[in-house]
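K.L.:
Handing you a structure now.
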């Protein structure tokens, strides 16, 4: 063994210590970097050299590689938990916005305006000829109208925000997909042809981007062991494949909902988790609540109008619509037919949908059939293409034009505008119909009493409940959904925190540990330097000896 | 288990956030006095509180109606008391017999004045509405027909009902000024069901016959007096103003038109016959007042029920939504102690690492 060997061994020790100190500094620098996995140097014994005489001399130490502390299974669990957490966050947040619209605990909502409106009818019944009471009733009606409009505005604003958030989220998903594709390329380049070298930092970056992507939408990912690239799928379609990406797009459809397409294929039904899944779920829940609220207002409009038109005002004139009546939507599935629908009798009017179909009568003509989609009640007779007028369940259907057996129409109350068009139609207090007949005006309060009693009546269109019970049930549903979403968020947050703790336990940087290692490898470095110094002294002594 | 620096931070920050969240909720409870602030805090509590508030609102409305109804009934009672006193005074005017012509003129003027008082009572208003006109409350109950010299009822016999809450409807809050319905008593007309005959101290026979007319809506009482000489005197009246008018004119010895002369016998018989009716009408007024009392009693019962129900509902509402201050304050102290301990521990743990000890 020569002195030079001591130099070489010292050098390997010095380099190894340098590498250790470098990794420690990287660990310390990234201690708070999200997604960073602690790294450590893998040391191996350098291949020894045989010097004969059964002497095998060690050649020092060798840096075999730098390893990141990473648990792939745990990371996969975190990714899945991140999907649930992302969904819970958006779902809970949006439902809590809607909850504020129905926050009856703070007196916000429709319960008080609705009760006040019917109480005002009581006041009118106490003094049916009193203009003060009548004016107060109109004020309370306006308050009810404004409250309903404010609630609808609150809900539609939230829906708009959700939609706006969806556009942002889709944009972020595409950006993350592009980032993963780029990192795939970089990882493949770094690791190409290298048996031991791994692109630790790029992989950490990619894991972090994938984690963020999972918080946005429910993607699946798998790594190609041949080149280290990650394939990310969404709804069984590739979002990222190697260095290529497909673009996710959100397209607004006719029903005011988004359709999600990836690579041109509709994957809407596959979006179930992540922030996007939460937004889709929240949007669905909120639209249901909005429909329920509109149905309540439509029913209230109808019931109040029905009773009001049965009374007589201070001028002895029969009452007119108290609130602006609900219109109808006609869906035309015919080539040449036309249909118009108007309310002509409020009493039997429902909030149901109607289907108008035609059947060959066997003699060259057609019979029409109008069917109530909820009750299956029908009205059928011969159809006259020159113009057929049918009064059915309070609606006047006017149909004309040539039809065939495949033609049909759908008539539905325009609930979408039930609140938008909700207005007090009466402006003159004298036009409030408090009396039951023209002859008993002005002191008769019989119709006012019936109006006031509407609040206690079970309404068929509202599942045979009263307005207040239906509204209470709506508040209860929203409260329960919000509570469930908040509980889900707490659970998912706790679960994710637990997983992140496990990850931090494996991959996190401990400053104490790094400090200890820093001292340790500083000493190792100093020892290696001292080894070289010692060899140098010995070598100098030898040279000096030879020079005498 | 290996512990990294991030684990310390995340555990401590999570602990701080949890404690601060609890503290925020408790301080909100202290500030508002409420246990919950949104439906999801307590879904059932919220639904129950809506129900209680709805009932309380309806009760408040019913109590308002009860107050108005009580005022209305009290006013009616006052009018009827005054009406009764006026009828007593009218009765007094029928008591004397004979007297000088000056005396008789005085009685006539007294009766006429009382007649006008009765008309005023019949046209009493409450909140600018004529209270004895039925549903036609915008017009006086009675007006004088100076062609036929009678008082004509302008109203109808509709009765106003009031909702006193909890499904309780008070029927017939108002008293009608006249009615052909014998089950519906009015203090202003003679509710004679069937023909009635009486004999006066003078020996004259008086037959009262009711004739119910739907237009105008009133019962005419036809009176036929047959004296001992078989002389017949026919006249009629529909209400107490007519009655007072007849008495006044009888003292003046003229018929209802004020010009057709009456004999002394006719005058005195008319006064005596009508005095008899006055007794009946006064009795009717007392009955109507009694009916008012029954209505008032029903209202009072309902008021008691409502007050009791309101108290119960309010207590239930308070129990559900009001925060218990003592418990809340104790909870705040507990959370505050835990929070401070965590802050203190955090400061120590986070402030140092091995680096601080390396020299």
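Chains as they are written, first to last, in the working numbering: chain R, -4 to 543; chain Z, 1424 to 1782.
Every residue, glycine too, gets a C-beta built ideally from N, C-alpha and C.
Between the Cα of residue 231 of chain R and those of R:207, R:264 and R:302, spot the shortest distance and give me the residue it belongs to.
P.N.:
Numbered from its first residue, the first chain carries residue 231 of chain R at position 236. Ranking R:207, R:264 and R:302 by CA distance to the CA of residue 231 of chain R puts R:264 first.
K.L.:
In whole angstroms, give me the CA-to-CA distance for residue 70 of chain R and residue 1444 of chain Z.
P.N.:
One-based indexing of the first chain puts residue 70 of chain R at position 75. One-based indexing of the second chain puts residue 1444 of chain Z at position 21. About 30 Å.
K.L.:
Distance check for residue 349 of chain R and residue 134 of chain R, CA to CA, integer angstroms please.
P.N.:
The count along the first chain starts at 1 and reaches residue 134 of chain R at position 139. The count along the first chain starts at 1 and reaches residue 349 of chain R at position 354. Approximately 36 Å between the Cα atoms of the pair.
K.L.:
To test your reading of the DSSP string, which unbroken beta strand (DSSP E) runs of 3 or more residues are found completely within the stretch 184 to 253 of chain R?
P.N.:
Look at the stretch 184 to 253 of chain R and you find these whole runs of beta strand (DSSP E), each 3 residues long or longer: 215 to 218, 225 to 229, 232 to 236 and 243 to 247.
K.L.:
Apart from the five residues just before and just after residue 293 of chain R, which ones in its own chain have a Cβ nearer than 7 Å to its Cβ?
P.N.:
Within the first chain, residue 293 of chain R is the residue found at index 298, counting from 1. Its chain contains 321, 346, 408, 410 and 413 as the residues whose beta carbon lies nearer than 7 Å to that of residue 293 of chain R, once the 5 sequence neighbours on both sides are disregarded; these appear in chain order.
K.L.:
Compare the C-beta of residue 1584 of chain Z against all C-beta atoms of chain R and say whether one is closer than 8 Å.
P.N.:
In the second chain, counting from the first residue as 1, residue 1584 of chain Z sits at position 161. So yes, residue 1584 of chain Z belongs to the interface.
K.L.:
Classify residue 556 of chain R: buried if its beta carbon has 16 or more other beta carbons within 10 angstroms, exposed otherwise.
P.N.:
Outside the displayed range of chain R (-4 to 543) lies residue 556 of chain R, so it cannot be described from this structure.
K.L.:
What is the rounded straight-line gap between the Cα of residue 1780 of chain Z and the Cα of residue 9 of chain R?
P.N.:
Here residue 1780 of chain Z refers to the residue found at position 357 of the second chain. Here residue 9 of chain R refers to the residue found at position 14 of the first chain. Their backbone Cα atoms lie some 26 Å apart in a straight line.
K.L.:
Classify residue 1610 of chain Z as buried or exposed, calling it buried when 16 or more other Cβ atoms lie within 10 Å of its own Cβ.
P.N.:
Along the second chain, read from residue 1 onward, the residue named residue 1610 of chain Z stands at position 187. Classification for residue 1610 of chain Z: buried.
K.L.:
Using 8 Å as the cut-off, can you tell me whether the stretch 172 to 179 of chain R makes contact with the stretch 128 to 143 of chain R, which would need three or more C-beta pairs spanning the two stretches below that distance?
P.N.:
no
K.L.:
Which one of R:377, R:351 and R:367 has the shortest CA to CA distance from residue 360 of chain R?
P.N.:
For the purposes of this step, residue 360 of chain R is taken as the residue at position 365 of the first chain. Ranking the options by Cα distance to residue 360 of chain R, first place goes to R:377.
K.L.:
Evaluate the contact criterion for the stretch 523 to 538 of chain R versus the stretch -4 to 16 of chain R: three or more CB pairs, one atom per stretch, below 8 Å.
P.N.:
Counting Cβ pairs under 8 Å, three or more are found: they touch.
K.L.:
Is the stretch 1538 to 1557 of chain Z touching the stretch 1592 to 1608 of chain Z, taking contact as three or more C-beta pairs under 8 Å?
P.N.:
Because the criterion of three Cβ pairs below 8 Å is met, the stretch 1538 to 1557 of chain Z and the stretch 1592 to 1608 of chain Z touch.
K.L.:
Should residue 444 of chain R be flagged as near chain Z, meaning a C-beta pair shorter than 8 Å?
P.N.:
The residue labelled residue 444 of chain R in the question sits at position 449 within the first chain. Interface residue, yes.
K.L.:
Grab the span of the beta strand (DSSP E) containing residue 408 of chain R for me, first residue to last.
P.N.:
As a first step, residue 408 of chain R must be located in the first chain, where it is residue number 413. 403 to 408 is the span of the beta strand (DSSP E), which, as asked, contains residue 408 of chain R.
K.L.:
Using the Cβ count rule (16 or more neighbours within 10 Å means buried), how would you classify residue 96 of chain R?
P.N.:
The residue given as residue 96 of chain R occupies position 101 in the first chain. Here residue 96 of chain R is buried. Its C-beta has 16 or more other C-beta atoms within 10 Å.
K.L.:
List the residues that DSSP assigns as beta-bridge partners of residue 60 of chain R.
P.N.:
Position 65 of the first chain, counted from the start, is the residue given in the question as residue 60 of chain R. For residue 60 of chain R, which the question treats as bridged, DSSP gives the partners R:37.
K.L.:
Kindly say whether residue 88 of chain R, judged by its beta-carbon, lies nearer than 8 Å to any beta-carbon of chain Z.
P.N.:
The residue labelled residue 88 of chain R in the question sits at position 93 within the first chain. Closer than 8 Å: no.
K.L.:
Determine the extent of the beta strand (DSSP E) in which residue 275 of chain R is found, giving its start and end residues.
P.N.:
As a first step, residue 275 of chain R is located in the first chain; it is residue number 280 there, counting from the start. First-last for residue 275 of chain R: 269 to 303, but that is the alpha helix (DSSP H), not the beta strand (DSSP E).
K.L.:
Which runs of the alpha helix (DSSP H) at least 4 residues long sit entirely within the stretch 301 to 387 of chain R? Give them in chain order.
P.N.:
none
K.L.:
Round the Cβ separation of residue 1656 of chain Z and residue 1625 of chain Z to the nearest angstrom and send it over; I've been treating them as touching at under 8 Å.
P.N.:
What you label residue 1656 of chain Z is simply residue 233 of the second chain in a count that begins at 1. What you label residue 1625 of chain Z is simply residue 202 of the second chain in a count that begins at 1. Going by Cβ atoms, the distance from residue 1656 of chain Z to residue 1625 of chain Z rounds to 12 Å, so no, they are not a contact pair.
K.L.:
Name the two residues that bound the continuous alpha helix (DSSP H) containing residue 80 of chain R.
P.N.:
The count along the first chain starts at 1 and reaches residue 80 of chain R at position 85. 67 to 96 is the extent of the alpha helix (DSSP H) around residue 80 of chain R.
K.L.:
Ends of the alpha helix (DSSP H) at residue 1693 of chain Z?
P.N.:
On the second chain, residue 1693 of chain Z is found 270 positions in, with the first residue counted as 1. Under the DSSP assignment, residue 1693 of chain Z falls in the alpha helix (DSSP H) whose first and last residues are 1687 to 1744.
K.L.:
Under a Cβ-count criterion, where at least 16 other Cβ atoms within 10 Å of its own Cβ denotes burial, should residue 199 of chain R be classed as buried or exposed?
P.N.:
Your numbering for residue 199 of chain R matches position 204 in the first chain. Counting Cβ neighbours within 10 Å, residue 199 of chain R comes out buried, since at least 16 surround it.
K.L.:
Scan the stretch 1605 to 1619 of chain Z for residues whose Cβ lies nearer than 9 Å to a Cβ of chain R and list them as they occur along the chain.
P.N.:
none
K.L.:
Can you give me the Cβ contacts of residue 223 of chain R inside the same chain, cut-off strictly under 7 Å, excluding the 5 residues immediately before and after it?
P.N.:
To locate residue 223 of chain R, count along the first chain from 1; it is residue 228. Same-chain partners within the cutoff: 182, 183 and 186.
K.L.:
Just by C-beta distance, which residues in the stretch 465 to 487 of chain R are closer than 7 Å to chain Z?
P.N.:
If the cut-off is 7 Å between Cβ atoms, the stretch 465 to 487 of chain R has 467, 470, 471, 473, 474, 475, 477, 478 and 481 near chain Z.
K.L.:
For residue 1568 of chain Z, does the three-state DSSP call read helix, strand or coil?
P.N.:
In the second chain, counting from the first residue as 1, residue 1568 of chain Z sits at position 145. Of the three classes helix, strand and coil, the one that applies to residue 1568 of chain Z here is strand, per DSSP.
K.L.:
Less than 8 Å between the C-beta atoms of residue 1692 of chain Z and residue 1615 of chain Z, yes or no?
P.N.:
By 1-based counting over the second chain, the position of residue 1692 of chain Z is 269. By 1-based counting over the second chain, the position of residue 1615 of chain Z is 192. Cβ atoms of residue 1692 of chain Z and residue 1615 of chain Z: not closer than 8 Å.
K.L.:
Flag residue 143 of chain R as yes if its beta-carbon sits less than 8 Å from any beta-carbon of chain Z, otherwise no.
P.N.:
For this step, residue 143 of chain R is matched to residue 148 along the first chain. It does not: the Cβ of residue 143 of chain R has no partner Cβ on chain Z nearer than 8 Å.
K.L.:
Have a look at residue 1687 of chain Z and residue 1672 of chain Z and give me their C-alpha separation to the nearest angstrom.
P.N.:
The residue given as residue 1687 of chain Z occupies position 264 in the second chain. The residue given as residue 1672 of chain Z occupies position 249 in the second chain. Rounded to the nearest angstrom, the two C-alpha atoms are 12 Å apart.
K.L.:
Would you kindly check if the distance between the Cβ of residue 481 of chain R and the Cβ of residue 87 of chain R is under 8 Å?
P.N.:
Locating residue 87 of chain R in the first chain gives position 92, where the first residue counts as 1. Locating residue 481 of chain R in the first chain gives position 486, where the first residue counts as 1. Against a cut-off of 8 Å, the Cβ pair of residue 481 of chain R and residue 87 of chain R comes out as a contact.
K.L.:
Using a Cβ-Cβ cut-off of less than 8 Å, list which residues of the stretch 92 to 109 of chain R approach chain Z; keep chain order.
P.N.:
94, 95, 97, 98, 99, 100, 101, 106 and 107
K.L.:
Can you look up residue 515 of chain R in the DSSP assignment and give me helix, strand or coil?
P.N.:
Here residue 515 of chain R refers to the residue found at position 520 of the first chain. Correct three-state label for residue 515 of chain R: helix.
K.L.:
Please report whether the beta-carbon of residue 424 of chain R lies at a distance below 8 Å from any beta-carbon of chain Z.
P.N.:
On the first chain, residue 424 of chain R is found 429 positions in, with the first residue counted as 1. Output row for residue 424 of chain R: interface = no.
K.L.:
Run through the DSSP bridge pairs and tell me what residue 1463 of chain Z is partnered with.
P.N.:
Here residue 1463 of chain Z is taken as the residue at index 40 of the second chain, counted from 1. DSSP, once it has assigned bridges, lists no residue as partnering residue 1463 of chain Z.
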